[in-house]
Amino acid sequence: MFLGTRWDVGGAWPAPGSPELRRLVDSLSRIPVTVGGARLINRCGLYHAEGQYELPRWGGIQTIVGGSFRVFEINSQGTIFIDTTGRPLYNWEAGAYVQVRRSFFAERLQATVGVRYDYRQYLVGQATPRIALNYAWDSKAQHIFRVAYQMGFRNPLNEALFINLQTDAKLVGALPQTDQALGIAGTNNYTQSSVQAFRAARAAGASIEEAAKLLRSLPIAGIRPEKVQAFEVGVRHLFLQQKLLLEATYAYQRYKDFHGNVRLYGPKDPTQTLTPQDVDAGNLSPLYGRYYNTPGTPQAQFFTASLQYRLTRHLLFGANYGYASAWGLEGAKEIDPGLKIFFNTPPHRANAGLMLQNLGRWNAQLWWQWVHAYLFEIPNYERVVPTYNLLHAQVGYRLPRWHSEVRVGAQNLLNFYHIEVPGGPRIGGIYYVQYTFDPFSL
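So, in structure tokens, the structure goes:
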């Protein structure tokens with residue numbers, strides 16, 4: 002049995018690697034999941050246009066205006082999204098911004114102020130301001146301090162709005178129309194973890210009334226864009242006759258309506274009100290998986306530090322380190338222990354390497370990359386991505402007569418197999434030859 006369809010494989014299961022097994026796998030992969038196969042069709046498209054214009058300066062003020070427009074095409078023939086009519090679905094978003102910048106105190110202080118407004122179809126429009134100050138402590142701008150504040154947002158992905166996919170749960174979009182059609186809008190739902198607790202209590206002999214105290218509902222009303230307020234400070238210093246460059250940045254972020262993923266049940270009949278008696282009798286909908294705005298104000302902080310040191314005229318050493326952490330998610334987990342947050346960021350990462358520059362026609366670089374283990378969550382899967390160390394190398398040779406450069410290199414030179422995404426492939430070395438032509442040098 003696969004996705005509701007019974008497959009006749011004869012008297013015994015085919016042996017691994019056998020032609021018969023290959024035939025069965027191929028036959029499944031040619032049949033869409035909507036009729037019992039394993040094929041997912043993804044012919045979605047994105048059409049994007051943007052423009053920017055700098056107005057004539059007035060009073061020493063630089064003014065930039067711009068905008069963008071996107072059209073999303075949903076085309077999966079009903080195997081992934083809600084486009085079950087056989088025709089693609091379209092939705093759009095648009096945005097516009099203005100930014101002004103002015104320098105003070107003999108160009109040593111630079112102030113930037115901007116605001117942007119974006120609107121995504123089916124969602125509420127968002128206005129996001131930004132202000133930044135850069136100050137040079139010396140006239141040569143070798144020691145710079147910067148501070149910035151900005152608001153940002155992240156619209157739900159097409160997956161969050163329009164998905165319609167059966168996995169171990171029925172993944173559904175977070176549109177209000179979908180919530181109403183499934184009967185889970187408002188608080189007419191129970192989380193998967195609380196239903197499991199109810200059933201365990203009943204199995205242990207608790208009454209329906211006692212077990213009902215364990216049931217938890219979530220307020221369901223579409224989905225809102227994820228919002229963030231970000232504060233950032235940084236420094237940049239040049240030392241030793243500009244041979245040594247040091248940079249450091251610290252950022253603190255506060256989130257609201259952070260996007261997570263929940264699993265819940267609704268009533269078997271979407272027009273009815275869900276009750277503990279329905280849970281006890283098994284009168285529930287299929288298990289739904291859905292994006293959700295988590296309560297509370299999750300917070301995160303990020304720190305990066307880097308240095309570059311010129312060892313010789315042609316040889317440069319560089320290194321950087323990054324740290325990330327998040328907290329404030331406990332309240333959301335208390336509401337639903339099964340909630341997935343999708344922070345998906347390594348707590349530590351580092352790089353270090355040597356760069357050979359302009360040695361005649363030659364250049365080269367050798368880089369070491371280290372990423373600490375971290376938890377990676379997606380709606381129907383989670384896994385710890387193990388720590389990995391990689392070595393990258395590249396050698397280039399310029400051909401001035403041909404306005405070109407030839408490069409030979411390797412990403413993951415030592416062919417260390419590792420994963421970067423749960424459920425993704427184990428990635429080994431990638432070795433390449435690259436030819437670059439520069440028409441602007443003619």
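Everything in the sequence shown is counted per the working numbering, starting at 2 for the first residue and increasing by one. No residue lacks a Cβ here, since even glycine has one placed at the ideal position from N, Cα and C.
- Boundaries of the alpha helix (DSSP H) harbouring R203: 193 to 204, taken from the DSSP string.
- For Q278, the three-state secondary structure derived from DSSP is helix.
- For A351, the closest C-alpha among the options I342, W368, V66, L360 is that of W368.
- DSSP places F344 outside both helix and strand once states are collapsed to three, so it counts as coil.
- For the beta strand (DSSP E) assignment, the uninterrupted runs of no fewer than 3 residues enclosed by the region 196 to 269 are, from N- to C-terminal side, 227 to 240, 245 to 257, 260 to 266.
- One thing to note: V229 has its Cβ within 9 Å of the Cβ of R155.
- Note on the region 157 to 187: whole beta strand (DSSP E) runs with a minimum of 3 residues are 165 to 167, 171 to 173, in chain order.
- Counting along the chain, L355 sits inside the beta strand (DSSP E) bounded by residues 349 to 360.
- When only Cα atoms are considered, I221 and T305 end up about 38 Å apart.
- Excluding the 5 residues flanking it on each side, L162 has same chain C-beta neighbours closer than 7 Å at Y123, G174, A175, L176, in chain order.
- Setting aside the 5 residues that flank it on each side, A133 is surrounded in the same chain by T113, A149, each with a C-beta closer than 6 Å to its C-beta; the list follows chain order.
- In this structure, DSSP gives R155 an extended state, which the three-state scheme calls strand.
- Under the DSSP assignment, P33 falls outside any beta strand (DSSP E); it carries neither an H nor an E label.
- Residue range 405 to 412 is occupied by the beta strand (DSSP E) that includes V407.
- Per DSSP, the continuous beta strand (DSSP E) segment holding W363 begins and ends at 363 to 372.
- The beta-carbon separation of R40 and T80, rounded to 7 Å, stays under the 8 Å limit for a contact.
- The region 435 to 442 makes contact with the region 395 to 413, as at least three CB pairs between them are under 8 Å.
- Its chain contains A365, V409 as the residues whose beta carbon lies nearer than 6 Å to that of V396, once the 5 sequence neighbours on both sides are disregarded; these appear in chain order.
- Annotation: E160 to P33 spans about 18 Å, alpha carbon to alpha carbon.
- Each of A325, F240, G329, L316 was checked against the Cα of L360, and the nearest Cα belongs to L316.
- Exclusion of the five residues before and after Q143 leaves L239 as the residues of its chain whose Cβ lies within less than 6 Å of its Cβ.
- For L330, there is no enclosing beta strand (DSSP E), as DSSP marks it with neither H nor E.
- As computed with DSSP, Q63 is found in a beta bridge with R102.
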